[in-house]
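Q: Just dropping this structure here.
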Ligand code: SF4
């Protein structure tokens, strides 16, 4: 398959690994921000192939996992309203909230439907004029432009039964928040490829400038990730942190201006609640004033019970890179993909699900 097979070439992978082994001397700790990278690293066994002085940590880049329980509880409360259809991506349906889940709400009679895009949700609204259709908008800068496009279409076509619960988040502020917490010492960050295709690489410049930490944007195939690690090792060994791109076929420094403009026309930056971290200023996307008629929180009066976290679940510290799933007492015991206790075991990009499916006993 074009743009896949050539990025899995074993001979090229071996050459990159040889370079990394030759050049990497310092004790090095790298964080892959994105859950998609964690999955690829585990799936292709890259952790085992790296020199022992390179430690990999997983970060908070799984949109389902970082959705706060309080926000999920709002979605569940919306699904219990009469004449409402709640639409969301599949993984979100199974995530346990404080007291229930969207799946449970559906079993109890709520109209909860899985969609693959905001456009699907808009089509559901068109096909159900007697109902209010709410899209639970999660995800980072990758997803937000498509949601903005659906809202603009709803506005143009006067579709007046379509609403958004915007739980969208943006990446650079959470990276800054994690670095400011100071809980994990990092030498380099593997920056997310899909997000960077939209925002470009420039927004990460504060990381080398202010924190002296190396950065490189990576794609999701093994060669992309190995090239990215090779770049990070070179920066770290030379003590010259910068922002590089190891994913030139998808990312440039300025980003996708058309997508950014689309996003900006509908959303403005606001505070967001992150699981494990709490409210992070200017890290979310809220509907602009002119789009408040699509705002599900404005349209519907919901009062969810106070949020609480599942007992024993350490998703919060896993998302901050402080713990690994192996440190959770429930991992592989009472918490499995069939019976998930926390979101990191539900999402296909969640750290716990990744360790469960692909990890060995040492988390490699
Ligand atoms: Fe939470 Fe389950 Fe992961 Fe433990 S294994 S942190 S309970 S999701």
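Numbering (my numbering), first residue to last: 9 to 372.
All C-beta atoms in this analysis are idealised placements derived from N, C-alpha and C, irrespective of residue type, glycine included.
Since the structure is predicted, the reported quantities are computational estimates derived from the model, not experimental observations.
With DSSP run on the structure shown, which of helix, strand or coil describes residue 219?
A: helix
Q: In the region 125-197, which residue ranges form an unbroken beta strand (DSSP E) of at least 3 residues, counting only runs that do not cross its ends?
A: 140-145, 170-174
Q: Quick check on residue 290: does DSSP put it in helix, strand or coil?
A: strand
Q: Along the chain, where does the alpha helix (DSSP H) containing residue 68 start, and where does it finish?
A: No alpha helix (DSSP H) holds residue 68; the beta strand (DSSP E) holding it covers 62-69.
Q: Give a yes or no on whether 8 Å exceeds the smallest Cβ distance from residue 36 to chain D.
A: Reference to chain D is not applicable here, since this structure consists of a single protein chain.
Q: Taking a contact to mean a Cβ-Cβ separation below 8 Å, would you say residue 120 touches residue 126 in this structure?
A: no
Q: Among residues of its own chain, excluding the 5 on either side of residue 236, which ones have a beta-carbon nearer than 6 Å to its beta-carbon?
A: Cβ neighbours of residue 236 beyond the five flanking positions: 198, 224, 226, 254.
Q: How is the beta strand (DSSP E) around residue 96 delimited, first residue to last?
A: 92-96
Q: Tell me, which residues are paired with residue 38 by DSSP?
A: 64, 196
Q: Going by other Cβ atoms of all chains shown within 10 Å of its Cβ, with 16 needed for buried, is residue 69 buried or exposed?
A: buried
Q: Between which two residues does the beta strand (DSSP E) holding residue 88 run?
A: Judged by DSSP secondary structure, residue 88 falls outside any beta strand (DSSP E); it is assigned neither H nor E.
Q: Tell me whether residue 338, by its Cβ, gets closer than 7 Å to a heavy atom of the ligand SF4.
A: yes
Q: Apart from the five residues just before and just after residue 250, which ones in its own chain have a Cβ nearer than 8 Å to its Cβ?
A: 216, 222, 223, 243
Q: Thinking just about the alpha-carbon of each residue, which of 338, 30, 304 is nearest to the one in residue 171?
A: 304
Q: State yes or no: is the C-beta of residue 353 nearer than 7 Å to some heavy atom of the ligand SF4?
A: yes
Q: Does the distance between the C-beta of residue 348 and the nearest non-hydrogen atom of the ligand SF4 fall short of 7 Å?
A: yes
Q: So, do the region 167-186 and the region 331-341 have three or more beta carbon pairs nearer to each other than 8 Å?
A: no
Q: Touching or not, the region 68-87 and the region 279-291, by the rule of three or more beta carbon pairs under 8 Å?
A: yes
Q: Is residue 329 near the ligand SF4 - that is, is its Cβ less than 7 Å away from at least one heavy atom of it?
A: no
Q: Going by beta-carbon coordinates alone, are residue 92 and residue 110 separated by less than 8 Å?
A: no
Q: Output the distance between the C-alpha atoms of residue 188 and residue 308, rounded to the nearest integer angstrom.
A: For residue 188 and residue 308, the gap between their C-alpha atoms comes out near 36 Å.
Q: Quick check on the DSSP output: what are the complete alpha helix (DSSP H) runs of length 4 or more inside the region 303-333, in order along the chain?
A: With a minimum length of 4 residues, the continuous alpha helix (DSSP H) runs that stay inside the region 303-333 are 304-307, 323-327.
Q: Helix, strand or coil: how does DSSP classify residue 362 here?
A: helix
Q: Let me check you understand the geometry: is the CB of residue 320 closer than 7 Å to at least one non-hydrogen atom of the ligand SF4?
A: yes
Q: Are there any heavy atoms of the ligand SF4 lying less than 7 Å away from the beta-carbon of residue 360, as far as the coordinates show?
A: yes
Q: At which residues does the beta strand (DSSP E) containing residue 281 begin and terminate?
A: 275-282
Q: With DSSP as the reference, identify every bridge partner of residue 122, one or two as the case may be.
A: 96
Q: Got a sec, what are the start and stop residues for the beta strand (DSSP E) residue 252 sits in?
A: 251-253
Q: Thinking C-beta only, is residue 271 closer than 8 Å to residue 156?
A: yes
Q: What does the alpha-carbon distance come out to for the pair residue 81 and residue 165?
A: 31 Å
Q: Drop a sphere of 10 angstroms on the beta-carbon of residue 195, count the other beta-carbons inside from all chains shown, and report buried for 16 or more, exposed for fewer.
A: buried
Q: Taking residue 88 as the reference, give the member of 310, 339, 183, 269 with the closest Cα.
A: 310
Q: How long is the line joining the alpha carbons of residue 28 and residue 144, rounded to whole angstroms?
A: 42 Å
Q: Report, in whole angstroms, the separation of the C-beta atoms of residue 359 and residue 66, which I expect to be a contact under 8 Å.
A: Contact holds; Cβ gap of about 5 Å.
Q: Is any heavy atom in the ligand SF4 found nearer than 7 Å to the beta carbon of residue 326?
A: yes
Q: I need the straight-line Cα distance from residue 232 to residue 118, nearest angstrom please.
A: 43 Å
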